[in-house]
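Numbering (our numbering), first residue to last: 8 to 213.
For each residue, glycine too, the CB sits at the ideal point set by N, CA and C.
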Amino acid sequence: MRNADLSTFEPRRILVCQQRQIGDVLLAAPVFRLLHERFPQAELHLFTEEKCVPLLRGNPFISVFHAIRKGTGFPGQLAFYRAVARCRFDLAVNFQQLPRCCLMTLFSRAPVRLSSTCGFPRSRLYTHMAAPAPGYACQTKASLLAPLGISWNGEGPEIFLADGERQEAEARLTTAGLRPGARFVSIDATHRRATKRWPAERWARL
8 MRNADLSTFE PRRILVCQQR QIGDVLLAAP VFRLLHERFP QAELHLFTEE KCVPLLRGNP
68 FISVFHAIRK GTGFPGQLAF YRAVARCRFD LAVNFQQLPR CCLMTLFSRA PVRLSSTCGF
128 PRSRLYTHMA APAPGYACQT KASLLAPLGI SWNGEGPEIF LADGERQEAE ARLTTAGLRP
188 GARFVSIDAT HRRATKRWPA ERWARL
């Protein structure tokens, strides 16, 4: 189905590959709403790392999570890919050109496989490719769905919390001295890599 017209394509099972990092996975959340609106009867699966699952666990548009475990060795990894492939996907969308995402796309054996434009030989993995739109990350990711007739309309990241999670958050905010319903701003100024951290002395001057 390389470059075939997808205007009448109706997938029953869709695999989305967004392995990491947590922020990137959250920025991919809008694509599940967009895919659900375009294909309301389709079952949406997410291939990602275990650490990212809790972030989207409450998302009503995601039916199944396929969380890869690192450190299981080649036999374990191979068994994982084969198990996921048995779901018999009609469509696979790869949002990251990472080795594991590419392997998952290959093993999916989906007749339609989407991703961003890339060079040979990786381009042979895909039946359709789209040039990513510049700008906001959510828009860039959504632009890869263009061959499916899907366009971005300003959708942003979504986190769906369970009642227990909301109650725990409210309790922590109360403990911190914040009134119920009060607005507050949270800044995460950390990163595991020093090259992506703003130096402490600059924060002090700020």
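Query                                                                                                                                                                 : Result
With DSSP run on the structure shown, which of helix, strand or coil describes Thr55?                                                                                 : strand
Should Trp210 be labelled buried (16 or more other beta-carbon atoms within 10 Å of its own) or exposed?                                                              : exposed
Would you tell me roughly how many angstroms separate the C-alpha atoms of Glu17 and Leu51, rounded to the nearest one?                                               : 13 Å
Using the three-state DSSP reduction, which class does Arg204 fall into: helix, strand or coil?                                                                       : coil
What is the rounded straight-line gap between the Cα of Phe96 and the Cα of Leu213?                                                                                   : 51 Å
Does the distance from the CB of Val38 to the CB of Leu152 come in under 8 Å?                                                                                         : yes
So if DSSP puts Glu50 in a beta bridge, which residue, or which two residues, is it bridged to?                                                                       : Arg20
Assuming Thr134 and Arg116 are in contact, meaning their beta carbons sit under 8 Å apart, how far apart are those beta carbons, in whole angstroms?                  : Contact doesn't hold; Cβ gap of about 12 Å is too wide.
Tell me where the alpha helix (DSSP H) around Leu85 begins and ends.                                                                                                  : 80–92
Starting from Phe72, follow its DSSP beta bridges and name the residues at the other end.                                                                             : Leu53
Just to confirm my understanding: we take Arg40, look at its own chain, exclude 5 residues before and 5 after, and list those with CB closer than 8 Å. What are they? : Phe68, Glu162, Glu165
If I measure Cβ to Cβ from Leu62 and keep anything under 8 Å in the same chain, skipping five residues before and after, which residues do I get?                     : Ile29, Val32, Leu33, Ile166
On the DSSP letters alone, give me the boundaries of the beta strand (DSSP E) that His198 sits inside.                                                                : Looking at the DSSP string, His198 is not in any beta strand (DSSP E), and its letter there is neither H nor E.
Report buried or exposed for Ala190, applying the criterion of at least 16 other Cβ atoms within 10 angstroms of its Cβ.                                              : The sequence given here places Arg at residue 190; Ala does not occur at that position. Arg190 comes out exposed.
Which first and last residues belong to the alpha helix (DSSP H) in which Leu152 is found?                                                                            : That residue, Leu152, is in no alpha helix (DSSP H); it is neither H nor E in DSSP.
Is it buried or exposed for Ala74, if we count other Cβ within 10 angstroms and need 16 for buried?                                                                   : exposed
With a Cβ-Cβ cutoff of 8 Å, do Cys24 and Gln103 count as a contact?                                                                                                   : yes
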